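Data first, discussion second: the structure below is written as structure tokens.
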Amino acid sequence: EAEVAQSPRYKITEKSQAVAFWCDPISGHATLYWYRQILGQGPELLVQFQDESVVDDSQLPKDRFSAERLKGVDSTLKIQPAELGDSAMYLCASSLAVNTEAFFGQGTRLTVV
Amino acid sequence: GESVGLHLPTLSVQEGDNSIINCAYSNSASDYFIWYKQESGKGPQFIIDIRSNMDKRQGQRVTVLLNKTVKHLSLQIAATQPGDSAVYFCAETSGNNRLAFGKGNQVVVIP
Numbered sequence: 535e536a537e538v539a540q541s542p543r544y545k546i547t548e549k550s551q552a553v554a555f556w557c558d559p560i561s562g563h564a565t566l567y568w569y570r571q572i573l574g575q576g577p578e579l580l581v582q583f584q585d586e587s588v589v590d591d592s593q594l595p596k597d598r599f600s601a602e603r604l605k606g607v608d609s610t611l612k613i614q615p616a617e618l619g620d621s622a623m624y625l626c627a628s629s630l631a632v633n634t635e636a637f638f639g640q641g642t643r644l645t646v647v
Numbered sequence: 190g191e192s193v194g195l196h197l198p199t200l201s202v203q204e205g206d207n208s209i210i211n212c213a214y215s216n217s218a219s220d221y222f223i224w225y226k227q228e229s230g231k232g233p234q235f236i237i238d239i240r241s242n243m244d245k246r247q248g249q250r251v252t253v254l255l256n257k258t259v260k261h262l263s264l265q266i267a268a269t270q271p272g273d274s275a276v277y278f279c280a281e282t283s284g285n286n287r288l289a290f291g292k293g294n295q296v297v298v299i300p
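Chains as they are written, first to last, in the numbering used here: chain A, 535 to 647; chain B, 190 to 300.
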């Protein structure tokens with residue numbers, strides 16, 4: 535069964551360091567999402583791609599976060615510099631198109647110390 | 190393991206009983222809704238979806254009801270099993286195509 539792949543599963547980094555997460559969506563899915571989930575809360579959208587283009591990054595803290603999907607397939611989310619408040623689960627999801635089923639990966643659990 | 194259920198409304202249900210989880214949304218322009226199940230330490234898992242031109246949709250042991258008049262969504266789980274213990278989220282999209290999540294509900298199945 536096709537699934538969204540994310541790596542790493544867990545990451546511990548010191549504050550002020552750079553960290554990157556990788557996502558490989560389900561093959562053929564044009565829409566890719568990055569979410570952040572703080573313990574006990576629902577996922578919050580950081581950025582949404584349609585193919586290689588960003589269609590929504592209004593909630594992305596652009597002073598330290600960046601995301602790219604250069605070839606419209608896999609994607610990288612970067613944080614530089616990391617802050618203690620960035621500790622969370624970072625989830626990637628993909629769908630064939632907007633307003634269709636979105637499938638999530640297992641996430642990357644980030645701990646900033 | 191970690192718990193994603195901290196500070197969440199909790200529904201405790203006896204194994205074999207039916208569960209009903211509710212979700213209120215505020216955007217009357219929302220036209221697509223999804224229910225997700227999230228187990229501790231894992232990503233959300235798609236359960237069932239419904240579009241705004243419908244008011245009911247059924248899956249295997251699950252039914253989603255949509256009341257657009259009062260902007261209310263519910264998920265019914267028949268014959269709840271221990272494996273149904275998780276946090277359940279509703280999500281919606283509207284004209285901006287952003288998939289937004291509501292607050293979760295923790296379901297605890299008592300054997």
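Glycine residues also receive a C-beta, built at the ideal position from the N, C-alpha and C atoms. In this text the structure is predicted, and so the values were computed from the model without any measurement.
Fewer than three Cβ pairs drawn from the segment 612-623 of chain A and the segment 260-277 of chain B lie within less than 8 Å of each other, which leaves the two stretches out of contact. Chain B places a beta carbon closer than 8 Å to that of residue 567 (chain A), counting this residue as a contact. When Cβ-Cβ separations below 8 Å define contact, residue 590 (chain A) makes contact with chain B. Using a Cβ-Cβ cut-off of 8 Å, residue 292 (chain B) counts as an interface residue toward chain A, since at least one Cβ of chain A sits closer than that to its own. Non-local beta-carbon contacts of residue 235 (chain B) in its own chain, meaning distances under 7 Å to residues more than five positions away in sequence, involve 223, 225 in chain order. Annotated three-state conformation of residue 590 (chain A) is strand, per DSSP. Under the three-state reduction of DSSP output, residue 273 (chain B) falls in the helix class. The beta carbon of residue 257 (chain B) sits closer than 8 Å to the beta carbons of 217, 241, 244 from its chain, once the five residues preceding and following it are set aside; these are given in chain order. A straight-line Cα-Cα distance of about 15 Å links residue 580 (chain A) and residue 280 (chain B). In the structure shown, residue 620 (chain A) falls within a helical segment according to DSSP collapsed to helix, strand and coil. Interface residue (Cβ-Cβ distance to chain B less than 8 Å): residue 635 (chain A) is classified as such.
When DSSP states are grouped into helix, strand and coil, residue 213 (chain B) belongs to the strand group. The C-beta distance from residue 567 (chain A) to residue 288 (chain B) rounds to 7 Å, short enough to fall under 8 Å.
Interface annotation, residue 583 (chain A): not in contact with chain B, CB-CB separation never under 8 Å. Measuring C-alpha to C-alpha distances from residue 209 (chain B) to each of B:282, B:269, B:246, B:292 identifies B:269 as the nearest. In chain order, 276, 292, 293, 294, 295 place their CB closer than 8 Å to the CB of residue 197 (chain B), counting only its own chain and leaving out the 5 sequence neighbours on each side. Across the set A:582, A:551, A:614, the C-alpha of A:582 shows the shortest separation from the C-alpha of residue 603 (chain A).
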